[in-house]
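Take any residue in the sequence shown, count from 1 to its spot, add 22: that is its number in my numbering.
Since the structure comes first, as structure tokens, the remarks are kept for the end.
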Amino acid sequence: MNEGRGTLLAFVLLVIAISGGLILLVLTRPVPVQITIIPPLPTATLEATFTPSPVTIYITGAVKTPPVDTITLPAGSRVEDAISLAGGAADNADLTKVNLAAVLRDGDQVHVPTLGETVAIATPNTGGIIFINSATLEELETLPDVGPALAQRIIDYRTANGRINNFEDLDTIEGVGPAMIEGLQELVSFE
């Protein structure tokens, strides 16, 4: 019987130890912490926006209502828009000598010649700069080593590819090379 009592006592002690351990485990277990994630408030971002300025130009020549002063047009306006604002082309206007699709720049002067009028073209000898992206065939031909065929290839390139942005673009046109580009450095603008 002693043996039965010892086993019973051992069993009771084991149950008490296990129960005490479980109670201790439950009481000392850390309380879960609730984490709340608060997203940051949206902030205003300052994005650079470019608003093109209107262009002020002067128009002369064969237009129905030539303005006395300069006229102002929205950025991106074309020569055709300026002529329309001046009442349209006069009956004796020679529009074949005007690039109606040319985009106007602030400070431009647009002259609409009459039929038979000789158009004065700025040349390197007079200190004029040729604007590659808006120059006519005749204006391009005033550049050194640019004949009618090359002038036409430059215009064809502009028509097919858009703006000529720099001398690298110009160099891709057949007939233009490093020597020619060197001679054009002070004579042309890509505006």
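Positions of the beta carbon are idealized from the N, C-alpha and C atoms, including for glycine.
Check your understanding: Going by alpha carbons, who is nearest to residue 211 out of 201, 191, 200, 86?
Key -> 191
**Study point:** Three-state secondary structure assigned by DSSP to residue 127
**Key:** coil
Practice item. Any chance you could list the beta strand (DSSP E) runs of at least 3 consecutive residues sitting entirely within the segment 59-118, in chain order? Key: 77-83, 93-95
Check your understanding: Going by alpha carbons, who is nearest to residue 101 out of 128, 209, 65, 113?
Key -> 128
Review point. Since residue 116 contacts residue 135 with CB under 8 Å, what's their CB separation in whole angstroms?
Key: 5 Å
Practice item. Just the C-alpha distance for residue 97 and residue 130, rounded to the nearest angstrom, thanks. Key: 12 Å
Practice item. Classify residue 164 as buried or exposed, calling it buried when 16 or more other Cβ atoms lie within 10 Å of its own Cβ. Key: buried
**Study point:** Burial state of residue 43, where buried means 16 or more other Cβ atoms lie within 10 Å
**Key:** exposed
Point to revise | Three-state secondary structure (DSSP) of residue 198 | key: coil
**Study point:** Distance between beta carbons of residue 203 and residue 154, contact taken as under 8 Å
**Key:** No, residue 154 and residue 203 are not in contact; Cβ-Cβ is about 12 Å, not under 8 Å.
Practice item. Quick one: residues in its chain with C-beta nearer than 7 Å to the C-beta of residue 175, no 5 flanking neighbours on either side, listed in chain order? Key: 195, 196, 197
Exercise for review: Out of 95, 40, 172, point me to the one whose CA is closest to residue 78's CA.
Suggested key: 95
Practice item. Label residue 47 either buried or exposed according to how many other C-beta atoms from any shown protein chain fall within 10 Å of its C-beta, with 16 as the threshold for buried. Key: exposed
Practice item. Identify, in the order they occur along the chain, each residue of the same chain with its Cβ nearer than 8 Å to the Cβ of residue 170, setting aside the five sequence neighbours on each side. Key: 159, 163
Check your understanding: Are the beta-carbon atoms of residue 81 and residue 123 separated by less than 7 Å?
Key -> no
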